[in-house]
Structure formats: structure tokens, C-alpha cells
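Numbering (the numbering used here), first residue to last: 70 to 818.
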């Protein structure tokens, strides 16, 4: 070989001068040597080589970790394949972040003390004490020089909340950690830190990997500062506690051509491709760990089960991939295989279900599924979530509950074809291409139609719950059961412990009622027709309250028609009305003011002078609080055989000047039938009209003065003395006559 010496990082392995090494498998050959111990001691060159430095590592990638330890591409390939078991400080290469919500910054301390090497005169065929080693073929190199020293890695981690920036937190961590190397030089650096920086460092956790024997490993930032300042003393006097950090290897075939040799090394490109595969799977493991810690995974065990299965198969594939590397790398380096063998392994991976694109796509789909579930559960956080079938049975079989309404996720149990392909690939001993499922296959979460239907059902469920959560006979829950017919989610209705409807459609919110009529103590409403999911008409319950009140009163009558009259109200009072189906959300409200009084009562009429008619009535029996009757309105019109005349279809209207309950209609026609009604006028509002009263005028006009004599009795013939009948009508006639003489009335239309 052109360059006969090879530098190699020790990675915590126990190298010694004269030890044999196999570069094909990057393994030490213990208990076998070329020279005896006495010869090694007599041909040793020792010189001091002190050097100390520190480094900040802000990445958790394999590449950056390998560079920090001066690991060559060849050695990195062996590490990736599991051929090299690191020890001491190098163990930090195996420590990966457990979460993507974790900021990590690593402080590296590195020091060297002594350099030892064998003299050149020692490296001769004639000086070999045990020449049979060349014939065994177990080693390719011998250790001819060792650099002693020690390294330490302080891994600082901090959890990052959703409201914080990972990049910003990591940047502030670097600033704080750079203070630590100044501790040994400038003393207590913590005294120079701002209070805010001190507070931030208290959130750091510390993990230590080093070549030093510590009584206790540091776990906090303050511990790390104290330990860092003591590291030089821990090496002992003259660095006696130092360990090998780097060795130089000499090829055995330079001493004897029969010795085994390193035929070729693995190309850097292939090593980097293998590294990318393992880093991808490492990232997948981290993402899966985060997803399994998510609240949604705890709430929906079927989601967690699939993630766990996916992660386990990725870990299994990684182990198989590393085993394949461990088998092929020594063979390629020793000349037994060509690099094409490694190319085939990488190609098989890139065509398998474990290729990067497929793994990423599955994680994206699962994250979307979790986001969908999370969005619905956040709206239903006050509704009990059922996590298992046994728990669901307990809820629906509750003897105290008649109805159970369940918002059921129906596709979380759906068979995952991609997981099936992953399992199939792991079981297969061949490298045939696997037919991967398409991106949309079985992915209900990407369906616009399913999404819209789920949102619609969720709104119905939530409205239904709001309207009926006080009903002790009904329970609301959220659960998950497979149902291929109703993709995404559906509303299940259980009655008496039995499932009676897998797609229950609760009644929707009715439209606001319209007012058809009102009196002083009642309101007539028109209700909009409403149907259930089965198309059957349902009953309504009307609710009302005073506009100043809080509590609703429910009408005792179950309304089956489109109209409803609410009675028993107070005069001149504003009320709010709403209605609902059997268990639907209530409609919007409508406000109505009842009439100020009841209708005038006992309307009577009699013809008096000419064709004039006296009208009298009683005041309304019920008058609203604070209501004053200012006057009355009389309405009349002609009728023929009980039917209104077309010429006089409209009512003639007259208003009295005050609230007297008597009025005279003038100018009526002879032999004509009139219909009349009376209303009370209270400011700007009126009462309902009274019952209709009617009268037919005579053919001949009457005299008011002679009217009272009709039906009277002559008591004596010598004097015109009559006995008048004493009844109400006669008194009203005389009273009306008196009013007519002294208090004329106004006639208005």
C-alpha cells in the first residue's frame, strides 16, 4: 500500500502497542502478538504531547458526532454496521435525542498527554517473536503507536414547549454552555451570568460520557461547571490515568506477504448512503416516541397500537440492515466480495416499504389522522371518552340510563395495508420488489366528502348534547369502533343497552316560530315542520318566559300540528318564545307583547230616535299593570243574511272621546242589519275586539220621547200618569238620551 500507516480513533477500546488489529472487521485481536513483552519495552519511544481543547456540538447527527471523534469513513461504516462497540467517552455516539421537542447542545472536552511508538528497528521480519501469526490470517495490522489522553462529552438537553422556538432555545443554550470552559481560567463564571441566564440554565439536564472516573456524574448545568474544572486533575500525575485516544496501524503484509491484508476499502459514497438509511430510521423512532406520548395516543389506543407496531418494525429492519452490513463489509474489504454486494443491499432498501419516502408518508398520514381526532376531541372535552370495548359495554348497559348517544370514530381500526407490507417484507427472505399501497389507499383522512360529513355529524352531536345534557335518562360518550359502512365517524344510538341506529340523525335546530295572533293572555304561534332522519314527523315542546326572566316554562302540551296557542299569560307583558323537537336544540327566540286588556264585554244595541242606535258595553275584565283605557273604538258594517255586503266589506270605525261605555250610532239605514264590535284603546295599542253584536233597524223611524212609554201602564184617566217598567234597558235608554242632550259625540271614520 502507498501509505502504509493508518490512523485510527480508539473509541474507548483498549489498544496497546504491539496489539494485532483486523481492519476488515475493525476488531482487536487479543492475546496474540508479534513480539514478547520484554522486546516491546526495550524498543519503546515515549514523548509528552500535551494539548487541551473544547468544542461545542449543536447537532445530534451521526456525521457530526463521528467528526468530533475523528472517526474515518471506514471506521464509521463499521460503527454503522455494529462491528465496533464503543466505550468510554465514545458512548455518546449512541445517545440520541428522545424527542423532537428537545433542544440539545454538547460540550466536548479533549486532552492529550503522551505519545508512544515502537522504534523503526523493531519493525523487521527478523525481530518477530511469533511468526506463525502471519499464517493465521486473523489480523491485517499491528499497533505501532499510541496517543494517550482523555475526552469528555457533556450533553445538555432542554424540553421545548409548543410556544417556544427550538432554534432560539438552542442558540441561547450555546451561549450559556460556552461559559463553562472559562470556569477553570476565570473562576466562578456563574457570578458573571445574568439572572435570566441563570434561570434558563436551571432548565438544562446534563448527561456525561467520559474517559474519567467520577464519583458522581453531573446532572445539572452547575454540576457540569464544577466537574469540568476538575477534569485535568482527574488524569493523575503525569497523566497516568490517560487512555488511548488514537493509534497508528502498520500493515502486516509489509512484514510478510503471506499475512492477511486490506484489499479495498468501502467507498465514501456507499458509507454515506448507509448512514442516511440509519439516520432516517433513527428519526422515525424519535417521531414515533413523540407521537406515542401525545394525548391523542392515550385517548385512542388503536392509534398508539399502530404507531408502536410501525416503530417496532422499523427497529427490526434497522437491526437486519446492520447485520447485513456486518456480514458484507469485512468480505468486501478482504476481497471476498465486490462493492456491488453493498450496492444491492442499499438498492433493496430503497425499493422496500422501508424506503425514506414511504416512512415519511406514513408518519405524515398518521399525524394528520391524530390532528383530525384531536380537533374533534377538543370540541368534546366535556364528554366522556371511552377507550375500550369493555368500557363501552359498561356505559351502554348502565341500568340507570335508557339512551346512550355516541360519537363514534369508525375508521381508526381500519386495516393498514402499509403495515401489512412492512411485515411481509420482514418475513420475506428474498429481495423482490414489494408492491407498495398507493398514497390514498384506505386514507379516509384525505377524503373531502368524508371530512364534510364528519364535521356535519359532529355539529349535530354537539348541538344535541347541549340541548339534552341535563337529561338524566340520556348519556353522551365518544368512542371508536370499526364500521366500514360509515367512514370517518357516525352517531350511534343505543336504547336499553341495544344498538338501534348506526347513523342516528338528531333533529336539527328548528327555525324561529312566527306569531299568528295574540290576545291579552295568549299567543298563537306557527311552528316550522321538522323531520327526523327516518322522515317521521315529531312532536314539539314550546318554551316561554318573560323577557326579563331567566327560567323557561315548558308548555305541558305536546304539539303535533303546525300551530300552538300558549295561554295563561299576563296582559301587556313581553314574552320570549322558542320551541324544540323531542330532544333537538331550541329554535331561535321570538319576542311578543300581549295585548293591554281583554276585549270589552256584553255589547248590546237598541234603536232609539229615528234610525239611531244606542250601543253599550262593559269594561274589559282584565287590564294590564299600569295600563289606562283612553277611549274605545267601535267598528260596524252592513250585513245581508249574516254575510257582509260587498259594497260595505270594510269596517266603519268610530272612536269615543273618553272611556265611557256608551255610544249612539247615527244615520243608519232603515230595514238594515248591522254587525258591530268594540275594542279598548290604550295609547298606541288596542285590545282584541269584542264578540260581534248585531241589530236590524225598523222600517219606520222611532221617537226617543215615546220610546220609554212603550210597554208602560196608564194609572189614571184623569191625569196622564204612567207606570214605567223598571229594567236595565229602559234606564240605559233614558241615560243615553240625557248624555245625548248634554254631551254630543264626534263621528269619525
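Think of the CB as a built atom: it goes at the ideal place given N, C-alpha and C, for glycine as much as any other residue. On a predicted model such as this, the values are computed, not experimentally measured, just so you know.
If the five residues before and after residue 169 are omitted, its C-beta is found closer than 7 Å to the C-beta atoms of 355, 356 and 359, all from its own chain and listed in chain order. Just so you know, the alpha carbons of residue 160 and residue 249 end up roughly 22 Å apart.
Distances from the alpha-carbon of residue 131 to those of 351, 291 and 431 put 351 closest. Restricting attention to beta strand (DSSP E) runs no shorter than 3 residues, the region 237 to 316 encloses them at 274 to 279, ordered along the chain. The region 528 to 566 is shown to contain no whole alpha helix (DSSP H) run of 4 or more residues.
Ranked by how close their Cα comes to the Cα of residue 210, the residues 82, 325, 532 and 167 have 325 in first place.
Under the DSSP definition of a beta bridge, residue 732 partners with 684. Non-local C-beta neighbours of residue 575 in its own chain, meaning closer than 6 Å and more than five positions away in sequence, comprise 529 and 533, ordered along the chain. Counting the other Cβ atoms within 10 Å of the Cβ of residue 632 gives fewer than 16, which makes it exposed. Within the model, the alpha-carbon separation for residue 230 versus residue 417 is close to 39 Å. Scanning its chain for C-beta atoms nearer than 8 Å, with the 5 sequence neighbours on each side dropped, one finds around residue 310 the residues 219, 281, 282, 303 and 304, in chain order. Exposed is the label assigned to residue 73, since fewer than 16 other Cβ atoms lie within 10 Å of its Cβ. For the pair residue 399 and residue 93, the CB atoms are nearer than the 8 Å cut-off.
Here the region 671 to 682 makes contact with the region 731 to 738; the two share three or more CB pairs at distances below 8 Å. Beyond the five residues adjoining it in sequence on each side, residue 273 comes within less than 6 Å, by CB distance, of 225, 227 and 290 in the same chain, given in chain order. Rounded to the nearest whole angstrom, the C-alpha separation of residue 411 and residue 340 is 9 Å. As the crow flies, the alpha-carbon of residue 308 is around 8 Å from that of residue 183. Of the residues assessed, residue 649 falls on the buried side of the cut-off, its CB having 16 or more other CB atoms within 10 angstroms.
The C-alpha of residue 322 is placed about 28 Å away from the C-alpha of residue 312. Contact between the region 328 to 337 and the region 421 to 435 is absent: fewer than three C-beta pairs spanning the two stretches fall below 8 Å. 704 is the residue among 704, 738, 208 and 726 whose C-alpha sits nearest the C-alpha of residue 744. For residue 431, the enclosing alpha helix (DSSP H) stretches over residues 425 to 448. Its Cα nearest to that of residue 435, the residue 374 stands out among 454, 395, 125 and 374. DSSP places residue 597 outside any alpha helix (DSSP H), giving it a letter other than H or E. Two segments are said to touch when three or more pairs of C-beta atoms, one from each, lie closer than 8 Å; by this definition the region 240 to 249 does not touch the region 109 to 122. The C-alpha of residue 200 lies about 13 Å from the C-alpha of residue 87. Residue 208 sits close to residue 91, with the two beta carbons spaced by under 8 Å. Residue 706 holds the alpha-carbon nearest to the alpha-carbon of residue 719 among 725, 726 and 706. Counting only the Cα atoms, residue 522 lies some 20 Å from residue 654. By the C-beta density criterion, residue 383 is buried, having at least 16 other C-beta atoms within 10 angstroms. Here the region 457 to 468 makes no contact with the region 482 to 497; the two share fewer than three CB pairs at distances below 8 Å. In this structure the region 692 to 703 lies against the region 641 to 648, because at least three pairs of beta carbons, one per stretch, are closer than 8 Å.
Put simply, the backbone Cα of residue 221 is about 20 Å away from that of residue 145.
If you draw a straight line from the Cα of residue 525 to the Cα of residue 167, it is about 39 Å long.
Taking all protein chains in view, the Cβ of residue 749 is crowded by 16 or more other Cβ atoms within 10 Å, so the residue is classified as buried. Selection 659, 612 and 149 evaluated against residue 584 yields 659 as nearest (Cα-Cα).
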